[in-house]
Structures are given as structure tokens and as C-alpha cells.
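Chains as they are written, first to last, in our numbering: chain L, 1 to 316; chain Y, 1001 to 1253.
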């Protein structure tokens, strides 16, 4: 366990924890920081699959969106507890992820990506085109959630701390898993899944395990989103959302956990800044991404190589 | 343990790929602590036989028994867990992780955590066993190197290390010296023999190069066009006219 938290990561998290304490941080920036950390944490969860197991999921929007709807449904009915929302999201996303991961991991390569995408599109279509959960409007105008009765998460600083704690816990889970027996097998599967079978590993079970952990972490992220936005809409479930998670992992650096956090935050802030200037912001973002992918194959985290002579190495 | 010390029994195994009969009625028995070799020209069905034994292919007919237990049609991971480990003719490693990490992931396959929930947060310490294996094969100093950066000969050794790290009772070696120089081949065969003896292993070896086999085998079976045409001691095989014919005669690969 001692190697899980390095002093450097402790400093970074301490700095993040101190952010709302800085005098004169506008609420707009605290909420942008919320979005950045949330996106980063989800990209990190996806990295468990992409960077460590070698599986590209095009369906993480479904885990995210289902988590958000789980919270929205409860808040709408006056169940305000954060714990209830997170618990409900874990159940909903867990059941869905169990089905998806069972079928998706039965196939290899491109089929995994396609099956995760197809399942997610089914979920999107259901929420978008039926009126069960508000159709295209989703569920709007939600009340603030409460941590305990009487303690509402109603200020930007409290919302920020909510996502901060989520990021910290998700990061600890990922770090422990990556360093474990299980994590070593995931890397072996990424490297050569046939050989892993001949070493006695039931590859599909390990892949399913990785999917479940990644999906549940993403689902919890989804569950806290409506606590900041006060809505859940089908837009959270669209496949482009999954694409943005993937892009964030790529920007940050595959198989590094920290890289995708940075990638997700970078992507969120870039989108926010550019879209406030021009409408065709995605062209600008696209150009930036092309530059990063072409010239920084290790992602933003690969830049640290410029400062240290050490080669990048994935995991294990 | 099975009667008569037989550890592996291949019983009338046949394998069809569509209209092609890759194996027809192949039977033999491997006794404990033996080095048993299967030889034959390229295309004789040797690798297919290995793939049937190790669980990659389901045989069309016949059965495979290991330690008295029917393992026909079990998947590779289940066969491995029973104590039967296989190496590959074409080097089959985890290329972009270190040599030591390659062996670690193989060795932890037998840790008590393996397959349990606790494997999510615990990391078994298998370093002593892994380093010991690497040193036995002269790879100790290369442990931090990425597997893909090893020389061909070193990769062949790492291939064997991975199989051995799962602590098998029976080791299946598919042309372990493929691509080695004659000198390397001699060293490798001597090393395999020594390690098998030290660990009390049974070895089933596939080769197309007869000279490799003769020095280290207790018993040899010869495959030709998917059928067993001879079985015996290396001496008997060397002098068997059918074997000489298969190797030198017109029916080449």
C-alpha cells in the first residue's frame, strides 16, 4: 500500500483541495474546475480499460448517463441524499455493465468497441425517444442534494469538494487495482491475451472485472453530475460523449492514470475557453488534438520526458 | 497419480479441419519424469497435436487424459491450472513489459489470491521465484529489459521461463530451439534436460530436427501426415526404415 500514494501525488491533491480556499476564485471557475475534475476522473476510469487492458470502449457515455439519470430520478422525487444517489447509480450502472461486459468481452478486438457502442446507443435511444424520463428534455430543475440531512451541497465550493473527494477515491481505487495481482493480469491481457490464457488466466473474467470497475467508477461520476448541473439529459448518453472520454485518455497519455486526468481537465477547459469565443469551437479543438496525437504520441504526460531523461513506461 | 506412472495419455486422437485430416488416430502414453519427443517433417501435424493436448483445439475423435483425468476439450486456462504448461514455436511473450514482469505475471498465476476477489488489492510477492527462474536461464541481468528487446535466443529461453513459472508437472515444448544456431541448440537442449531433472518434470517435446531429440529423449514418437508411424527409444527410431523413409523419401513437406 505504501507505494500507492507518492509524495508528489499527495502535493497535487493537497493543492487541488486548497483551490476553493484561494481568495476571490469566481464561482464560474470553481464550477469549471468541477467539470474538469469530473471529466478527468472518468477519463482515468476509462484508462483502466484502454491503457491497461487494451480494450477501447465506445460506450462509456451510457455508464455516465445512467449514473446521472439515477441521481436525477431520486432528486426529482425528493430523495436528496448523496449516498442514496451513489448507491442507486452503482446498482443501475452495475446491472447494465454486467450485461454489456458479458457480451462485449465474449468477442475480441473491434467487436468489443462495437458492442459497447451499440448497447450505449440503445440506452440513448430509449432515453431520448421515449417520454419515460422526460424525452429530449431529460429531467430538469433538480433540487440540491444533501450530504446529511440539513447539509445541502448548495455552494460551488461544496460541489467542488464533492467532485474532489470522488476523484481522490477513484484515483486510489485505480492505483490499488493497477498495482495488484489483477492489474498485472490486465497488462498481460493487453500485451498478449492468448498467452495469458495459456498461463492459466480466464481472460474473459478479467476483462469483465476491468469493465465493471471502470463502469462503476464512471457511473459514480455520472451520479454526481446532476448535483452540480441540476439536470440530466439524453445528451450525456450520446456516443460523442464516449468519444470525448477516449480523446481525453489519448491526450493525457494511455496507461498512466494521471495522464487521462490531466487530459480530461485539459479538454474540458479548452472546450470551455474556445466555445466562449467562437461557435465552431470543435474545429479548433480538433486541430489541437491532431497536433497532440501526431507530435506527442505519449500524450501530455509524455512531455515530462523532456525534463527527465527517463523513457515512458506503461504500468506493471 | 495414474497407474504405471503414466501422466499423459493421448488416446486415438484425430483432428479434422474441414476435409483435411490433420491427425488420425494418434495414441501414445507419457510416463512421469520422462522426456518424450514427437518428431516428424514439417506439416506432419505436430503442432496440431500440441494444440489439442493444451486445449486450443477440440479433437474430432479420441481423448486426452492427464494424471488420470479426462481433459479433452477443456479450455487452455483450465488445462494449465491442472499442471500442464506449453511453450510456443513462434515466440509468444508480453512484448512491451519487462522480462521480470513477464515472469511475475506467469508466477502469480499460482498465488493463493489468483481468481479471488482479494487479487484486486493484493499483490503476491513472486519475485524470488521469478528471479530464480531467470537466473537459471542466464537472463538474470536482463530482467529490466523489455521482452521485445531480447535477442531471439533469449526470447526462446524467456518463453520456457513463462511456462515453468506456472509450476507445471508436464511441460510441452514446441520446437524450443527453433531458429537457434547449432551451438545454441546444443546448450539449450542440455539446459532443458538439466532443469527437467532438477524439477522432476515430465517433458513432451516437439521437434522436426532429429538431432536435437536423440540426445535428450527417453522415448520418441514419429508423426507423418497426421499418423503415428513409429514409437520407441531414440536407437530404435534412428534405425527404423519407415522413419528414414519419411524423412528422406519422396513425401516431403
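Ideal Cβ placement from N, Cα and C applies to all residues, glycine included. As the structure is a prediction and not an experimental result, all values here were calculated from the model.
- Close to residue 1054 of chain Y, with beta-carbon spacing below 9 angstroms, are these residues of chain L in chain order: 198.
- Residue range 1127-1136 is occupied by the alpha helix (DSSP H) that includes residue 1135 of chain Y.
- The DSSP-derived three-state label of residue 1231 of chain Y is strand.
- For residue 1108 of chain Y, the C-beta contacts it makes with chain L under 9 angstroms involve 181, 184 and 185, in order along the chain.
- By the CB criterion at 7 angstroms, residue 1055 of chain Y and residue 1074 of chain Y fall inside the cutoff.
- By the neighbour-count definition (other C-beta atoms within 10 Å, threshold 16), residue 303 of chain L is an exposed residue.
- If you check the CB distance, residue 243 of chain L and residue 93 of chain L do not come in under 7 angstroms.
- Think of a sphere of 7 angstroms around the beta carbon of residue 188 of chain L: the chain Y residues whose beta carbon falls inside it are 1094 and 1105, in chain order.
- The criterion of a C-beta distance shorter than 7 angstroms is satisfied by residue 128 of chain L and residue 234 of chain L.
- The beta carbon of residue 37 of chain L sits closer than 6 angstroms to those of 163 and 167, all from its chain and outside the five residues before and after it, given in chain order.
- Shown here for residue 1079 of chain Y: same chain residues with a beta carbon closer than 6 angstroms to its own, the five before and five after excluded, namely 1054, 1055 and 1071 in chain order.
- Ranked by Cα distance from residue 178 of chain L, the options L/89, L/104, L/209 and L/301 are led by L/209.
- Take the alpha-carbon of residue 192 of chain L and the one of residue 1076 of chain Y: they are about 14 angstroms apart.
- Counted as a single uninterrupted DSSP element, the stretch harbouring residue 182 of chain L is not any beta strand (DSSP E) but the alpha helix (DSSP H) occupying residues 181-198.
- In this structure, residue 1023 of chain Y and residue 1040 of chain Y do not form a Cβ contact; the two beta carbons are roughly 11 angstroms apart against a cut-off of 8 angstroms.
- Per DSSP, residue 94 of chain L lies in no beta strand (DSSP E) segment; the continuous alpha helix (DSSP H) that holds it begins and ends at 82-104.
- The region 122-182 of chain L contains, as complete alpha helix (DSSP H) runs of 4+ residues, the segments 156-178 (chain order).
- Under the rule that a run must span 4 or more residues, the alpha helix (DSSP H) segments found entirely inside the region 1052-1094 of chain Y read 1076-1081.
- Our two residues, residue 1184 of chain Y and residue 1172 of chain Y, have alpha carbons roughly 20 angstroms apart in a direct line.
- As for any alpha helix (DSSP H) of minimum length 4 sitting wholly inside the region 1156-1230 of chain Y, the runs are 1182-1199 and 1210-1216, ordered along the chain.
- Between residue 1074 of chain Y and chain L, the shortest Cβ-Cβ separation is not below 7 angstroms.
- Counted as a single uninterrupted DSSP element, the alpha helix (DSSP H) harbouring residue 224 of chain L occupies residues 203-224.
- A contact is defined here as three or more CB-CB pairs under 8 angstroms, and the region 173-187 of chain L fails this definition with respect to the region 114-134 of chain L.
- At least 7 angstroms separates the beta-carbon of residue 64 of chain L from that of residue 238 of chain L.
- Annotation: residue 1230 of chain Y has no Cβ neighbours in chain L at a cutoff of 7 angstroms; minimum Cβ distance is about 29 angstroms.
- Judged by their CB atoms, residue 1222 of chain Y and residue 1203 of chain Y are not nearer to each other than the 7 angstroms cut-off.
- For residue 1103 of chain Y, the enclosing alpha helix (DSSP H) starts and ends at 1099-1107.
- Non-local beta-carbon contacts of residue 112 of chain L in its own chain, meaning distances under 6 angstroms to residues more than five positions away in sequence, involve 55 and 104 in chain order.
- Residue pairing by DSSP places residue 1026 of chain Y opposite Y/1013 in a beta bridge.
- For residue 1096 of chain Y, the closest of Y/1050, Y/1110, Y/1065 and Y/1143 by C-alpha to C-alpha distance is Y/1143.
- The region 1157-1168 of chain Y and the region 1081-1096 of chain Y touch, with three or more beta-carbon pairs separated by less than 8 angstroms.
- Contact check for residue 41 of chain L against residue 170 of chain L passes: the beta carbons are separated by less than 7 angstroms.
- A Cβ-Cβ separation of about 3 angstroms places residue 116 of chain L in contact with residue 59 of chain L under the 8 angstroms criterion.
- Per DSSP, the beta bridge partners of residue 1039 of chain Y are Y/1207 and Y/1222.
- Using a Cβ-Cβ distance cut-off of 8 angstroms, the region 197-205 of chain L and the region 1105-1120 of chain Y are in contact, since at least three pairs of beta carbons, one from each stretch, lie closer than that value.
- Contacts with chain L at 7 angstroms (Cβ-Cβ) include residue 1124 of chain Y.
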